[in-house]
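The structure under discussion appears below in the form of structure tokens.
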Amino acid sequence: MASKTGQFKNDPKNEIAFVGIRSSETVNIVYTYVFEVSSDLIQIYIDASKRKVINLGMTLTPFIHLGLDAGDLNNDGGDEIVFSTINHIYTYATDDDLNLSRKVTGNVAEGDTYNDYKQSYNFIKVRDVNMDDREDVVIVKNFVQNQFADGFFIAMLSVNDNLDQMQAIGRLFGDEPQHDNIHPYSIAVGNFDGFNFTIGQPTHSTQNDVVQPIVILNAPPIHFDMFGSNIFDVNNCFNGGNCDFVATYKKQTTRSTEVSTKVSKDWAISSGVKAEGTIQGAPMGVGASVNYEAHLIG
18 MASKTGQFKN
28 DPKNEIAFVG
38 IRSSETVNIV
48 YTYVFEVSSD
58 LIQIYIDASK
68 RKVINLGMTL
78 TPFIHLGLDA
88 GDLNNDGGDE
98 IVFSTINHIY
108 TYATDDDLNL
118 SRKVTGNVAE
128 GDTYNDYKQS
138 YNFIKVRDVN
148 MDDREDVVIV
158 KNFVQNQFAD
168 GFFIAMLSVN
178 DNLDQMQAIG
188 RLFGDEPQHD
198 NIHPYSIAVG
208 NFDGFNFTIG
218 QPTHSTQNDV
228 VQPIVILNAP
238 PIHFDMFGSN
248 IFDVNNCFNG
258 GNCDFVATYK
268 KQTTRSTEVS
278 TKVSKDWAIS
288 SGVKAEGTIQ
298 GAPMGVGASV
308 NYEAHLIG
């Protein structure tokens, strides 16, 4: 069995993906669940009706290896579940009700049919390896007495937006003699060279507001009248009064502008580097050409 946390629904909390295999000499069944945890971390909520089941049928051995990880394969803001067992890579997506839907299935060669489970339970990772603003699947296998050679095989796979196609973006076979022995191994994927200057896909947002100035007019009253031939205007002086009437115009303008900024998790500036002005960049490709690649992954 294996478990992994991830953002499997549109909320601030992480959920738990759980994959377990029930194995026997006659049948091997994979169960996939997504669990929710209460805010106080006291309860775990499980809806067994939403689980997904894969019947692997009868295998040559009841002991089956399993690797699990999760990540955003199609850059939609939510994580997908990725696990591998025997010679397949399975992907699942979820909706906001945590309903599981099975997506693309990839093929990968078995390292050793009878001994894979002895070698590693940490052989698959979901990380962005080519700086294209989406996460990829990285898997490693160790071959012992393989028909091609002994050694380590590493594959990097990308999934499209609809999660229905998987293609290799890089693969490498390390010809390392194993002396017909089982050697445990694991994989770690990270930014080990410190080169984390990447440019993600930009988001351009514009917002328009209509601002109307408010004018407050404070002026004395105007009265004009005529009695016979006499004109009476309060704006003129009478009886020695103060003739300095003043009209005051006060203009008051209030403007509130809110700017929304979105930062992608793959946008970064290397430590100590300050970027100003216009920056141009292109994704880097990852790959290797070897003689064994056509036989090791489909």
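Heads up: the sequence shown begins at 18 in our numbering, then just goes up one per residue.
Where a beta carbon is used, it is the ideal one built from N, C-alpha and C, also for glycine.
What you are looking at is a predicted structure, and each value in this text was computed from that prediction instead of being measured.
Whole-Å CB distance - residue i paired with residue j, under 8 Å assumed
i           : j           : result
residue 89  : residue 32  : The Cβ separation is near 14 Å, so there is no contact.
residue 117 : residue 109 : 5 Å
residue 125 : residue 172 : 7 Å
residue 123 : residue 183 : 4 Å
residue 191 : residue 168 : 5 Å
residue 104 : residue 127 : 5 Å
residue 157 : residue 170 : 7 Å
Cut-off 6 Å between Cβ atoms - residues of its own chain near residue i, not counting five sequence neighbours on either side
i           : result
residue 203 : 137 and 139
residue 37  : 18 and 48
residue 71  : 47
residue 63  : 52
residue 113 : 26 and 27
residue 177 : none
residue 73  : 45
residue 245 : none
residue 39  : 46
Residue environment, residue i, which counts as buried when at least 16 other CB atoms sit within 10 Å
i           : result
residue 50  : buried
residue 209 : exposed
residue 148 : buried
residue 96  : buried
residue 84  : buried
residue 174 : buried
residue 212 : exposed
residue 145 : buried
residue 59  : exposed
residue 27  : exposed
residue 101 : buried
residue 247 : exposed
residue 45  : buried
Reduced DSSP secondary structure (H/G/I, E/B, other) of residue i
i           : result
residue 172 : strand
residue 24  : coil
residue 56  : coil
residue 135 : helix
residue 65  : helix
residue 39  : strand
residue 144 : strand
residue 182 : coil
residue 96  : coil
residue 30  : coil
residue 91  : coil
residue 101 : strand
residue 177 : coil
residue 51  : strand
residue 245 : coil
8 Å CB neighbourhood of residue i in its chain, flanking five on each side removed
i           : result
residue 87  : 21, 22, 23, 25, 34, 96, 97, 98, 99 and 143
residue 61  : 33, 52, 53, 54 and 55
residue 179 : 91
residue 65  : 50
residue 115 : 25, 26, 32, 51, 53, 64 and 67
residue 29  : none
residue 205 : 142
residue 201 : 135, 136 and 137
Contact test: residue i Cβ vs the ligand HEM heavy atom, cutoff 7 Å
i           : result
residue 169 : Absent from the structure shown: the ligand HEM. Ligands present: none.
Cross-strand partners of residue i (DSSP beta bridge)
i           : result
residue 118 : 110
residue 72  : 46
residue 212 : Paired residues: none, contrary to the question.
residue 199 : Paired residues: none, contrary to the question.
residue 83  : Answer is none; residue 83 lacks a bridge partner.
residue 151 : Answer by DSSP bridge pairing: none, since residue 151 is not bridged.
residue 19  : 36
residue 204 : None, per the DSSP bridge assignment.
residue 123 : 106
Proximity test, Cβ basis, 8 Å: residue i and chain C
i          : result
residue 73 : Checking the listed chains, one finds no chain C in this structure; it contains a single protein chain.
Same chain, Cβ closer than 7 Å to residue i, neighbours up to 5 away in sequence not counted
i           : result
residue 314 : Annotation note: pLDDT 46 at residue 314 (below 50); position unreliable, no value reported.
residue 68  : 48, 49 and 50
residue 43  : 75
residue 181 : 120 and 121
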